[in-house]
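First the structure, in the form of structure tokens, and then the observations on it.
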Amino acid sequence: SAWWAAAHQDINLITLLLGADEGGLQLLRRDGAWLEVNPPPGCVTCNIGDMLQRLSNHQLPSTTHRVVNPQAERAHLPRYSMPFFLHPNPDFMIETLATCITEDNPNRYPEPISSDAYLQERLKEIKLK
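Each residue of the sequence shown is one higher than the one before, counting from 44 in this note's numbering.
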């Protein structure tokens with residue numbers, strides 16, 4: 044296939060990606076094009092996850108991303124990265140933050156949900172459970 048990890052969004056609050064100095068990570072832009080992410084050495088890349096998108100009423104949209112195979116001339120180089128997935132406690136209630144609800148952006152999620160219930164729901168949606 045053309046990618047190491049197909050297009051997806053992370054379920055958690057935030058993902059910190061450490062050590063991904065070699066290219067391959069791409070973000071989906073609003074216009075539908077893929078943006079190459081080439082962080083400088085030692086950089087930490089931060090992705091917004093679905094839980095934070097829900098908390099913020101889409102003020103902070105979840106980052107759709109993928110990891111593509113390297114070009115032939117770079118295929119011999121290792122691509123090591125260490126993701127840190129920040130999840131709230133299982134009993135944390137994901138309830139839209141009041142400061143993210145406006146007349147122009149009404150509450151998309153009027154019913155709060157526990158982070159564990161949300162996680163289980165999303166795992167079923169993506170057929171990992």
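C-beta: ideal position from N, C-alpha, C; glycine also.
Check                                                                                                           : Outcome
Boundaries (first-last residue) of the alpha helix (DSSP H) holding Glu-79                                      : Counting along the chain, Glu-79 falls outside any alpha helix (DSSP H), though it belongs to the beta strand (DSSP E) covering 77-79.
Simplified DSSP state of Ser-158, which is helix, strand or coil                                                : helix
Reference Thr-107, options Pro-82, Phe-127 and Asp-74, closest by Cα                                            : Asp-74
Pro-113 CB to nearest heavy atom of the ligand NAP below 7 Å                                                    : For the ligand NAP, the structure offers nothing, since it holds no ligand at all.
Bridge-paired residues (DSSP) for Met-125                                                                       : Leu-61
DSSP three-state assignment for Cys-143, whether helix, strand or coil                                          : helix
Sequence-distant residues of the same chain with beta carbon closer than 8 Å to Leu-140, five excluded per side : Leu-98, Ser-99 and Asn-100
Cβ neighbour criterion (16 or more within 10 Å) applied to Asn-90                                               : buried
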